[in-house]
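Engineer:
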Amino acid sequence: MYVVSKVVLDIIPPFALVSARLLLGAAAVGLVVWARGGLKARRGQILRVLGVGAVGYGVSLGLQFIGTRLSTAANASLVTTASPAFIFLFGVLLLGERARLTGVAGLLMAALGVLAVIDPRTASLDGGLLRGNLALLGASVTWGLYSVLVKVVSRDLGTLEISLLAFLGGLPLTLPAALVEARATEVGLISPGVLLGVLYLGLVSTALAMVLWNKSLALLDAGLVAILFFAQPVVGAALGALFLHEELGPGFWIGAILIGGGVLVAGRAPRKRVEFAG
């Protein structure tokens, strides 16, 4: 996703792109939901999941874009790696999950692995970047909250319905931002390659990936899902090397080993799997 986004964002402004992703994701998942008999959620459940989507795809993604614009890409990579810690924390506070020693140890190992991959020495905590860094921190907190809230609503609804409603819940925040953005930013020439990139981001990175993310939250403890989140920078760096010819230093390999070890350590904790609807 990050590799494709890097190319597409050179042509399409951020909020326009995230709005397009949510619209495509909602359309794709909506077709599947319609083919399976349509929405079965009650009015109260619909409103609740729309609110969850506003937190995840409206507030969190919005803060991430704002933070990246006001700060630096290196800071964005560093600060947003705090998301798993907040997923873990909200899992304990809101879901009553136990903070097992193996889970904490696995989280710390994986966090060290991410730091090895992204190299925090490239980040800057200069006071002039404070607003951007705070926005990035807010994005991490709200994504952690979104993830745990998805697990809560999964007790009553299927993953496909949750994903569809969550995508729609983000649009009332991202679409107005895209309109404001359009007044100050021009869209570049949309080539067939850019169009394919947008389709990939909407159908694969949003529809498919977020359905899988939401399903994993329904099936697994939030603490374990949090650690699996750390695989993102490793996969992103590997794809960057493959398609963009970016160099992989020793930190990448050290980080990959630490993250893999963290997942294995956390996975040793006894877990009770619960199958929710959908």
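Residues 5 to 282, numbered by the working numbering, are exactly what the sequence shown covers, in order. For each residue, glycine too, the CB sits at the ideal point set by N, CA and C.
Between E165, G174, A242, R52, which has its C-alpha nearest V63's C-alpha?
Structural biologist: One-based indexing of the sequence shown puts residue 63 at position 59. Ranking E165, G174, A242, R52 by Cα distance to V63 puts G174 first.
Engineer: From R187 to L223, what distance separates their C-alpha atoms?
Structural biologist: By 1-based counting over the sequence shown, the position of residue 187 is 183. By 1-based counting over the sequence shown, the position of residue 223 is 219. In a straight line, the C-alpha of R187 is about 43 Å away from that of L223.
Engineer: Does DSSP put G282 in a helix, in a strand, or in coil?
Structural biologist: As a first step, residue 282 must be located in the sequence shown, where it is residue number 278. Only weak support is given to the placement of G282: the predicted model assigns it a pLDDT of 49, under 50, and the value that follows is read from those uncertain coordinates. In the structure shown, G282 sits in coil (DSSP, three-state: anything other than H, G, I, E or B).
Engineer: What would DSSP say about A103, mapped onto helix, strand or coil?
Structural biologist: Here residue 103 corresponds to residue number 99 of the sequence shown, with the count starting at 1. Reduced to three states, the DSSP call for A103 is coil.
Engineer: Would you decide whether F247 is buried or exposed? Buried here means 16 or more other CB atoms lie within 10 Å of its CB.
Structural biologist: The residue you call residue 247 lines up with position 243 of the sequence shown. With fewer than 16 other Cβ atoms within 10 Å, it is exposed.
Engineer: Starting from P176, trace the alpha helix (DSSP H) in both directions and tell me its first and last residue.
Structural biologist: Indexing the sequence shown from 1 puts residue 176 at position 172. Element bounds for P176: 163-188.
Engineer: Classify S64 as helix, strand or coil using the three-state DSSP reduction.
Structural biologist: Reading the sequence shown from its first residue, position 60 is the one you call residue 64. Reduced to three states, the DSSP call for S64 is helix.
Engineer: Could you please give the first and the last residue of the uninterrupted alpha helix (DSSP H) stretch that includes T146?
Structural biologist: To locate residue 146, count along the sequence shown from 1; it is residue 142. It spans 134-157 - the alpha helix (DSSP H) in which T146 sits, taken as one unbroken run.
Engineer: Less than 8 Å between C-beta atoms, sequence neighbours within five positions excluded: which residues of the same chain meet that for E185?
Structural biologist: The sequence position of residue 185 within the sequence shown is 181, counting from 1. Within the same chain, E185 has close Cβ partners P17, P18, F19, A20.
Engineer: Say whether the region 139-157 touches the region 42-59, bearing in mind that this needs 3 or more beta-carbon pairs closer than 8 Å, one atom from each stretch.
Structural biologist: Output reads yes: the region 42-59 touches the region 139-157.
Engineer: So, is E165 buried or exposed, given that buried needs 16 or more other C-beta atoms within 10 angstroms?
Structural biologist: Start at 1 with the first residue of the sequence shown, and residue 165 comes out as number 161. By the 10 Å Cβ count, E165 comes out buried.
Engineer: Cutting at 8 Å between CB atoms, please list the residues of its own chain near V191, excluding the five before and the five after it.
Structural biologist: Stepping through the sequence shown from its first residue, residue 191 is reached at position 187. Closer than 8 Å at the Cβ level, and outside the excluded window around V191, lie I15, I16, P17, A20.
Engineer: Check whether the Cβ atoms of L55 and A226 lie closer than 7 Å to each other.
Structural biologist: Looking up residue 55 in the sequence shown gives position 51. Looking up residue 226 in the sequence shown gives position 222. Inspection of the sequence shows that residue 55 is occupied by Gly rather than by Leu. Taking 7 Å as the Cβ cut-off, G55 and A226 do not qualify as a contacting pair.
Engineer: Measuring only the C-alpha atoms, how far is A24 from I261?
Structural biologist: Here residue 24 is taken as the residue at index 20 of the sequence shown, counted from 1. Here residue 261 is taken as the residue at index 257 of the sequence shown, counted from 1. About 36 Å.
Engineer: Taking DSSP as the reference, what is the three-state secondary structure of A230?
Structural biologist: Here the question's residue 230 lines up with position 226 in the sequence shown. Helix at A230.
Engineer: Checking 7 Å against the spacing of the C-beta atoms, do L207 and A32 come in under that value?
Structural biologist: Taking the first residue of the sequence shown as position 1, residue 207 is located at position 203. Taking the first residue of the sequence shown as position 1, residue 32 is located at position 28. Their beta carbons are under 7 Å apart, which means L207 touches A32 by this criterion.
Engineer: Assign K44 to one of three DSSP states: helix, strand, or coil.
Structural biologist: Here residue 44 corresponds to residue number 40 of the sequence shown, with the count starting at 1. K44 falls in the coil class under three-state DSSP.
Engineer: From I194, A211, L243, F90, pick the residue whose C-alpha is nearest to that of L26; which is it?
Structural biologist: By 1-based counting over the sequence shown, the position of residue 26 is 22. Minimum Cα distance to L26 is reached at A211.
Engineer: Closer than 8 Å by C-beta to G34: which residues in its own chain qualify, once you throw out the five before and the five after it? Chain order, please.
Structural biologist: Within the sequence shown, the letter at position 30 stands for residue 34. Here the set comprises L168.
Engineer: In whole angstroms, what separates the C-alpha of V267 from that of L193?
Structural biologist: As a working note, residue 267 is residue 263 in the sequence shown. As a working note, residue 193 is residue 189 in the sequence shown. Cα to Cα, V267 sits roughly 42 Å from L193.
Engineer: What number of angstroms, rounded off, separates the C-alpha of K276 from the C-alpha of I263?
Structural biologist: Position 272 of the sequence shown, counting from 1, holds the residue named residue 276. Position 259 of the sequence shown, counting from 1, holds the residue named residue 263. Bear in mind that the predicted position of K276 carries a pLDDT of just 48, short of 50, making it too unreliable to give a figure here.
Engineer: Between which two residues does the alpha helix (DSSP H) containing G220 stretch?
Structural biologist: Counted from its first residue, the sequence shown places residue 220 at position 216. The question names Gly, yet the displayed sequence has Ser at residue 220. That run of the alpha helix (DSSP H) goes 213-223.
Engineer: Please state if the CB of A120 and the CB of G3 are separated by a distance shorter than 7 Å.
Structural biologist: In the structure as shown, the chain starts at 5 and stops at 282, and residue 3 therefore has no counterpart that could be examined.
Engineer: Throw me the rounded Cβ distance for the M113 and G265 pair, which I believe falls under 8 Å.
Structural biologist: Here residue 113 corresponds to residue number 109 of the sequence shown, with the count starting at 1. Here residue 265 corresponds to residue number 261 of the sequence shown, with the count starting at 1. Their Cβ separation, rounded to whole angstroms, is 5 Å, which keeps M113 and G265 in contact under 8 Å.
Engineer: Following the continuous alpha helix (DSSP H) through G29, name the residue where it begins and the one where it ends.
Structural biologist: As a position in the sequence shown, residue 29 is number 25, starting the count at 1. Residues 18-39.
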